[in-house]
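Those protein sequence lines, which keep their order, are chains F and E.
For the first sequence, the residue numbers in the numbering used here are 25 to 69.
For the second sequence, the residue numbers in the numbering used here are 13 to 191.
Reviewing the structure listed below.
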Amino acid sequence: MKKPTKIVVDCLTGIAETTEMTDEEVAEYEEMVANSQPLIVPSPE
Amino acid sequence: MTYPTFSNGQVLPASDLNAIGMWKTGSVTLTGQTTAQLNNCFTSDFDKYKVIYNIRSGSGAASLYTRLSVGGVPNSTAGSYIYGGRYVGFPTVGAADFNGADPQFGFSFFSTSPTAAEIVLNNPYSAIPTPMSGTFMNVNAGCFVGGYHNQNTAYDGLYIYNSSSLAMYGSVTVLGVRN
């Protein structure tokens, strides 16, 4: 299964680099998302 | 007042260039990445910034998240991104208020249809809290939101991610607004 990728941009130089996440980075990302809180926007009636 | 126009080969006066109100200080084109880290898009050159998002997924839907960062490290302090807003739905008009204190700003819920969001961030590069205001769409509603990040930290970047591991497509642009 293809791993997710990340992009890092240095806005001073304009250099952007896309790399595949390592297993550790994927685990860290999943933990970060689990600790993030979704924006609860009520549905209109 | 008439505004200057320029032609090829013309020498550009400093006074005309210095009158330009906004400069692009950073941007990223997303071609399927799950996260985007923009470094050095905030500098001492400006104290006001606009961030404009145009993001969709290849499949699925997720909440769009943003954190302020310094040296490539996003701030994830619990409850430090504080906000309140109002939501008006379409096509059925229904309105509701929302607020929260989260470890990130959440703007929009995107899917294979692109979302649109625009926020103003003031003084992100100063070691004081960073106020935020903006507008965004959320699938079937238009929303406005305001709030602030309450840490006394000088930030130089943004970290953009989502509530799943969705690949993101589109772009994000950061503009510095001149005094």
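All residues carry an ideal CB built from backbone N, CA and C; glycine is no exception.
- Taking 8 angstroms as the upper bound for CB-CB distance, MET144/E and GLY158/E are in contact here, some 7 angstroms apart.
- DSSP, reduced to helix, strand and coil, places TYR53/F within a helical segment of the structure shown.
- With respect to CYS53/E, LEU133/E sits apart: the two C-beta atoms are not nearer than 8 angstroms.
- If you check the CB distance, TYR181/E and GLY44/E come in under 8 angstroms.
- Between the alpha carbons of ASP168/E and GLY38/F lies a gap of roughly 15 angstroms.
- At least 8 angstroms separates the beta-carbon of TYR93/E from that of PHE119/E.
- Collapsing the DSSP output to three states places LEU170/E in a strand.
- Interface criterion met: the Cβ of SER88/E is under 8 angstroms from a Cβ in chain F.
- For SER92/E, no pairing in a beta bridge is given by DSSP.
- When rounded, the separation of the alpha-carbon atoms in ALA108/E and GLY101/E is 9 angstroms.
- Between MET56/F and PRO28/F the beta-carbon gap is near 12 angstroms, outside 8 angstroms, which marks them as no contact.
- Remark: C-beta atoms of PRO126/E and ILE67/E approach each other more closely than 8 angstroms.
- Taking C-alpha positions only, SER175/E is separated from THR14/E by approximately 47 angstroms.
- Looking at the DSSP output, ASP114/E bridges to TYR93/E.
- Under the three-state reduction of DSSP output, LEU42/E falls in the strand class.
- Check the Cα spacing between TYR95/E and each of ASP57/E, THR147/E, ILE64/E, VAL82/E: the tightest is with THR147/E.
- Between THR185/E and chain F, the shortest Cβ-Cβ separation is not below 8 angstroms.
- When the five nearest sequence neighbours on each side are left out, the beta carbons in the same chain lying within less than 8 angstroms of the beta carbon of MET34/E are those of LYS62, LEU187, GLY188, VAL189, ARG190, in order along the chain.
- Setting aside the 5 residues that flank it on each side, TYR99/E is surrounded in the same chain by ALA107, ALA108, ASP109, PHE110, ASN150, ALA153, GLY154, CYS155, each with a C-beta closer than 8 angstroms to its C-beta; the list follows chain order.
- The CB of GLN49/E comes closer than 8 angstroms to the CB of LYS30, ILE31, VAL32, VAL33 in chain F, given here in chain order.
- Close to GLY158/E, with beta-carbon spacing below 8 angstroms, lies no residue of chain F; the smallest spacing is near 14 angstroms.
- Under the DSSP definition of a beta bridge, MET149/E partners with GLY154/E.
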